Every structure is written in structure tokens, then in C-alpha cells.
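Trainee:
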Amino acid sequence: SASTAIDIADTAESTVDLTACTSDDDGDDPAITNKETRVVQALREAVTAKERYNRLNAEYEKSLAKLDAAERRVVAAQREAQEAKKNEDSRTGHMRDAVHRYKTLETKHSLTLAQMASLEEETEFAKREVRLAECKVKNTRQRLALMNANYNSLLKDHDASKERVKSLEDELTVVMELVDEYESAESSNSPDGMPRKVLMEDKEKLAKENVEMKAFCEEMLQLIED
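When we follow this note's numbering, the leftmost residue of the sequence shown carries the number 396, and every step to the right adds one.
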């Protein structure tokens, strides 16, 4: 394992130092020298391996630190991506709401235009009815003015007719008195010498005019009441 290799390397370093110190005391025995050489070489290889291990471990630590930093950047990037996705979803929701509101407003606008067109038609129809009513009122006022004029004329005619009837009645009264006086006379002529036939004709004429005048007055009164 890595820890065992480190321990061996530490032991090798100390052993190399001891070997360097005691190599001169062993004499010149070739077997011992060859053995020591192999040991020293193995120990040197262990030291080299330890140095390489330390270098690799340092690089590993640096790589681990870089990996941690990269992981933090990845997490931050993921968080930013999630926030961006949320913002995008929010913008998409806002856009969807805006489109819905636009369609709703467009529908309301179309309904408003239709209502305005209907109101314009109703307004034109109402204007025509108002103009027709104004014409009717104008004609009615003209008729009322004419009727009022006719009524005033009839009143004047009625007053004149009443005066005429009264005058005829007075004349008829005078004639009737003359006729009565004539009938009471014993002779064929009246005291003033007026013939009976003439008096009778005047009486009949006045009676006829009286009847006609009364009929005319009744007709005038009926027209006034209507």
C-alpha cells in the first residue's frame, strides 16, 4: 500500500546513510560489497519512488483542489441554469398570460364594435322616428291652428246667427201681432189697409226663415262641439 511504501522509503533513506558510513569498515570482501551495492541500489530506488509518490501526491492534491473548484463551478452553473430556467418559465408564463389577455381584449373589442354598430342602427332608426314624430307634431299643430281659426270663425258666425235669429224673432213677433190684429178685425182688410193675403205670405215667409235659421244654428253648434 501507499503507507507501506512510504515507510519502506523512510527506512531506505536511513539505511543508505548507515551504509555510506560503514562501507569502509567491512574490508574488501567482494560478496559483501556486491550485496551492499544491491541493497543501496534498492534503497535508492525506494527513495526515488517516494519522491515520485510525493510529487504525484502533490499533483493529486492540486488536481483534487481543481476538481473541487470545478465541482463548485458546476454546481453554480447548475444553479444559474435552474434560475435561468425558472426565469424562462416565468417569462413564458408572462408571455402566455399576455397572449391570453390580448385575445380576451380582442374578443371584447370585437363585441364592442358589434354593439356600436347595433347602437348606430338603433340611433338612426330613433332619428327617423323623431323626424316622423316632429312632422306629425307640426301637422297636428297646423291642424289645431286651422281648427282654432275655424272655431273662432264659427263662434263669430254663431254670434251673428244668434243676432240674426233674435232679429228674425223680433220681426216675427211684430208680424204675428199684426196678423192677430188683422184676424180680430171683422173686415177683410186690416185697420191700416194692409191686405190679409200679404200678411199671411209675410208670416209664412218669416216662419220658414225662422225654421231655417234654427236649423243653421243647431248645425253650427254641432260643428263647434265636434
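A virtual CB, placed ideally from N, CA and C, is assigned to each residue, including glycine.
What you are looking at is a predicted structure, and each value in this text was computed from that prediction instead of being measured.
1. Label leucine 438 either buried or exposed according to how many other C-beta atoms from any shown protein chain fall within 10 Å of its C-beta, with 16 as the threshold for buried.
2. Once you ignore the five residues that flank methionine 542 on each side, which residues in its own chain have a CB closer than 6 Å to its CB?
3. Let's test the definition: count the other Cβ atoms within 10 Å of the Cβ of alanine 441 and tell me whether it reaches 16, buried, or not, exposed.
4. Roughly how many angstroms lie between the CA atoms of alanine 472 and glutamine 510, to the nearest whole one?
5. Measure the alpha-carbon distance for lysine 461 versus arginine 467 and round it to whole angstroms.
6. Whole angstroms is fine: what's the gap from lysine 457's alpha carbon to asparagine 449's?
7. What ranges does the alpha helix (DSSP H) occupy inside the segment 522 to 546, keeping only unbroken runs of at least 4 residues that lie completely in it?
8. Please check the pair alanine 602 and leucine 567, which I expect to be a contact at CB under 8 Å, by giving their CB distance rounded to whole angstroms.
Mentor: In this structure, then:
1. buried
2. none
3. buried
4. 55 Å
5. 10 Å
6. 12 Å
7. none
8. 7 Å
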